[in-house]
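Residues 6 to 186 in my numbering are what the sequence shown lists, from first letter to last.
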Amino acid sequence: MTFPPSPFDRLPLFATDDEIAVAVVGKARASAWKRNGLRILESKGFPKVDVLHGGRPVPLIRKWYEMHMGLDKNYILATLEDGKENPQAWRPKREQRADRKPRLNLDTRCQTVLRQMIENPDCRTQRDMRGVGELTLEKLQAHGVIMSSGNADTNRIWSVTDLGREEIKRIDYWYFGKTAP
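Okay, here's the thing in structure tokens:
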């Protein structure tokens with residue numbers, strides 16, 4: 006089966022906009038295409054006029070239309086191939102996210118007190134920590150982020166554990182995007 010020659014086959018290597026318009030939409034609609042369509046196509050990557058040759062490169066125009074209309078063989082073959090799912094490709098990212106996610110489900114109050122204790126290591130008793138109640142400290146101890154190491158003047162001495170420091174790093178990264186130092 007043979008096809009008739011393409012209108013682009015009759016054009017010179019560098020064609021004027023008038024010649025291209027006739028080849029693309031025919032003689033009757035060529036002037037309207039030049040006025041309206043050409044400007045729209047140029048915004049979508051249509052080949053520009055080569056000043057040295059005084060026209061647009063016809064091979065590039067042909068290639069542009071093949072890609073624009075989906076006639077490019079590579080494009081057709083790529084869309085006909087059945088996609089293969091690979092759920093394992095997502096697993097490493099999920100695991101990385103899970104490592105960074107806070108694990109202990111501390112409420113906001115506990116997070117604030119834990120951060121205060123880390124930033125102010127000299128505040129070790131409840132009396133030193135402003136506005137912190139015994140219940141909050143007991144919750145933090147139950148989660149294992151702080152521990153009681155004895156009494157000082159009827160107040161227990163609290164210290165932050167490594168688990169508490171790691172949890173604050175995770176919280177900072179998860180909520181605020183701060184990286185670990």
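Where is the CB? At the ideal position from N, CA and C, for every residue including glycine.
**Prompt:** Between Tyr178 and Trp69, what straight-line distance do the alpha-carbon atoms span, to the nearest angstrom?
**Reply:** Looking at the backbone, the Cα of Tyr178 and that of Trp69 are separated by about 46 Å.
**Asked** Just reading off the beta strand (DSSP E) that Val27 is part of, what are its end residues?
**Response** Per DSSP, Val27 is not a residue of any beta strand (DSSP E); the alpha helix (DSSP H) it occupies stretches across Asp22 to Val30.
**Request:** State yes or no: is the C-beta of Thr141 within less than 8 Å of the C-beta of Asn160?
**Result:** Contact: no.
**Item:** Member of Gly50, Leu43, Arg61 and Ala26 whose CA lies at the smallest distance from the CA of Phe19
**Value:** Considering only alpha carbons, the answer is Arg61.
**Asked** Ordered along the chain, which non-local residues of its own chain (more than five positions away) have a Cβ less than 8 Å from that of Leu43?
**Response** Hits under 8 Å: Asp22, Ala26 and Phe51.
**Request:** Determine the closest residue to Arg105 out of Leu16, Phe181 and Thr166, with distance taken between C-alpha atoms.
**Result:** For the residues Leu16, Phe181 and Thr166, the minimum Cα distance to Arg105 belongs to Phe181.
**Prompt:** Alpha carbon to alpha carbon, what distance is there between Arg102 and Gly169?
**Reply:** Looking at the two C-alpha atoms, the distance is approximately 19 Å.
**Request:** Under 8 Å Cβ to Cβ from Pro17, same chain only, skipping five residues before and after it: list those, please.
**Result:** The answer, listed in chain order, is Glu24, Gly60 and Val63.
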